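Undergrad: Using mature numbering (1 follows the signal peptide of the UniProt record, and there is no 0), the letters of the sequence shown correspond one by one to residues -25 to -1, 1 to 455. We treat Cβ as the ideally placed atom computed from N, Cα and C, and that holds for glycine. All of these numbers come straight from a predicted model, not from anything done at the bench.
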Amino acid sequence: MWFDINRFHLLVLLTWQFSIFFASQQIFPIFSNYVPQWKCGDSEPTSDCDVYQTCKANLTFVNVAFKSAAMEYDWICGKSAYLKSLFSQIQFAGVLCGTFSFGAVSDVVGRKPVAVFALSLGILMNFVTGLAPNYQLLLGIRFFLGLSVGGTLVVVCTFVMEMLLPKQRMALRAFFNWGVARLMMTLIAMALPEWRISSIACAIAALPALIIIIFVFPESPTWLHNKGRLDEMKKSEKHIAKMAGVSYVPIEHQKIEHSKTVMEMLQTKGLMRRLFVLWSMWFVASICGYATDLNSNTISGDLFVNQILFSILIAVSKMILVIFDTHVPSFRRRTLHQGAQLVVCICFLILTFMTFYGYTGLAFLIVNLIGTVFIEYTWDACYLCAVESMETACRASATGTCSLVARIGAILAPMLNYANLWWPPSVYLTVVLLGTINLIISYFFLVETKNVNLDNVHIDPSSEEGTPMIDEKPSQKSDQ
């Protein structure tokens, strides 16, 4: 099979897909915060809050595609409108806390028990979301759901990566990705267009990931090796071989190295400089990506058709990127990030002017789709550069700090959507400004890392840039 995928690897990939489907609850506010246009009596449909607040007695919503929490709890205009942003911010704050807490606990007690707990809690909270009797309790539930999402993204992602061969990680990004997860959520919302029922259905749909982890996955052999539990590691490897339908062959594991702390990284000039560049990339990708996603429910046209288009284009773009990156050796990481960031800036500058002049036609949707796809490409560059530009001894810690910065950006993103109430192009212009700053930083300071041998990444502590680390020949070890 492609990428040497056996039946156990296929289950691992499916587990990842259902896990990130659960994690797509981060953008469920696309539907839970959806507000259609309204009209007063026989007047023309509008989104004018003055009309909404002065015409309560004869106010009707027009072309309601989805019955949202915002509509039920009146998070539309006035002081209560901020609760739409708070709904998103609270769950993003939960993701931030979950990233820290569950990741640290899994390093101590193991990948499997923490993954089971995080997914179980998250699925339960998603189910209970649909039963919330008031918005105050709903916001509390979404915090714990976000907490579980943070744990799932960190622990299940680590668990999955430790179960796959290096060459299969590209298959994961190409075919089991965020676009597919977003499409799954959109189809559920389309089939069950009410926020409570959709929440319960999303909880049930995420169950396959939990079931596979409980009944199929052993503990991670990599984690057992790092803990020195070698007999248990061999049992785990034998179980994986049995599930895969292949003969067990002992695997040679690398020597365990000391992991550098964040303080040690900041004290190394070359590492510190690279880390600051990565933080800029991750922060901008996060705040821009989530702000535009959450704002996508305001685009004119059919809510579900628009979201399906976003989902399919994101999923297909991942496949195109993997194919292009594999067959075009001259396509560098700097080109990927800077080219994508430039397209993002151009698209959202166009959207800023379109919004300012009140244009909402087909071209608006097309430019938005292109811009969103290229924001996803900046995300791909973020992950690739974080992994490839850091030494083995600090790769996990560095990626963890990048994830932290991204979570901060996610928490701030809903504020941009709230600012749209006062000036509609707020989200789009902010994307342009932050993207321009990020592009300048990337152009002058981002190092090229394509085809680097990860085992040979080394940064001279006395150097500002670090020692050269590009290996034009792909690592032989990565194919084993």
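#1: Is the Cβ-Cβ distance between I65 and L114 less than 8 Å?
#2: Tell me which same chain residues have a C-beta within less than 6 Å of the C-beta of P193, skipping the five on either side of it?
#3: Which two residues bound the contiguous beta strand (DSSP E) that contains T330?
#4: Please state the DSSP three-state secondary structure of E19.
#5: By the three-class DSSP mapping on this structure, what secondary structure does K31 have?
#6: Quick one: is L304 buried, meaning 16 or more other Cβ sit within 10 Å of its Cβ, or exposed?
#7: Within 10 Å of its beta-carbon, does I341 have 16 or more other beta-carbons around it, so buried, or fewer, so exposed?
#8: In terms of residues, what are the limits of the alpha helix (DSSP H) holding V(-14)?
#9: Which value, in whole angstroms, describes the spacing of the CA atoms of I386 and R309?
#10: Can you give me the C-alpha to C-alpha distance between R148 and V297, rounded to a whole angstrom?
#11: State the DSSP-derived secondary structure class of E207, mapped to helix, strand or coil.
#12: Under the criterion of a Cβ to heavy atom distance below 7 Å, does F75 qualify as lining the ligand NAD?
#13: Quickly, what does DSSP pair K42 with across the bridge? List them, please.
#14: Buried or exposed: where does N33 fall if 16 or more other Cβ atoms within 10 Å of its Cβ makes it buried?
#15: Buried or exposed, going by whether 16 or more other CB atoms sit within 10 Å of the CB of R86?
#16: Tell me which residues share the same chain as F420 and place their Cβ nearer than 6 Å to its Cβ, disregarding the 5 neighbours each side in the sequence.
#17: Would you call S7 buried or exposed, if buried means 16 or more other Cβ atoms sit within 10 Å of its Cβ?
#18: Could you work out which residue in L324, S76, L139 and R171 is closest to P108 when comparing CA atoms only?
#19: What residues in its chain sit with their C-beta under 6 Å from that of M138, if we drop five residues either side in the sequence?
#20: Count the CB pairs spanning the segment 253 to 269 and the segment 406 to 423 that are closer than 8 Å, and state whether there are at least three.
#21: I'd like to know if Q143 contacts chain C, where contact means its C-beta is closer than 8 Å to some C-beta of that chain.
#22: Of all the options A(-3), Y265 and F(-8), which has the alpha carbon lying nearest to the alpha carbon of I186?
#23: Which term fits V280, buried or exposed, when burial requires 16 or more other beta carbons within 10 angstroms of its beta carbon?
#24: I think Q(-1) touches L120, with their Cβ atoms under 8 Å apart; what is that distance to the nearest whole Å?
#25: Can you name, in chain order, every residue of its own chain whose Cβ lies under 7 Å from the Cβ of K42, other than the five neighbours on each side?
TA: Here's the rundown:
#1: yes
#2: For P193, the CB contacts under 6 Å within the same chain, skipping 5 residues up- and downstream, are S211 and H214 in chain order.
#3: It is not in any beta strand (DSSP E) - T330 instead sits in the alpha helix (DSSP H) that spans R308 to F331.
#4: coil
#5: coil
#6: Here residue 304 is Pro; the residue named in the question, Leu, does not match the sequence. Under this definition P304 is an exposed residue.
#7: exposed
#8: R(-19) to A(-3)
#9: 27 Å
#10: 8 Å
#11: helix
#12: For the ligand NAD, the structure offers nothing, since it holds no ligand at all.
#13: E169
#14: exposed
#15: buried
#16: The answer, listed in chain order, is V252.
#17: buried
#18: If we check each option's Cα against that of P108, R171 comes out closest.
#19: Around M138: V(-14).
#20: yes
#21: No chain C is present in this structure, which holds just one protein chain.
#22: F(-8)
#23: exposed
#24: 6 Å
#25: Closer than 7 Å at the Cβ level, and outside the excluded window around K42, lie P168, E169 and W170.
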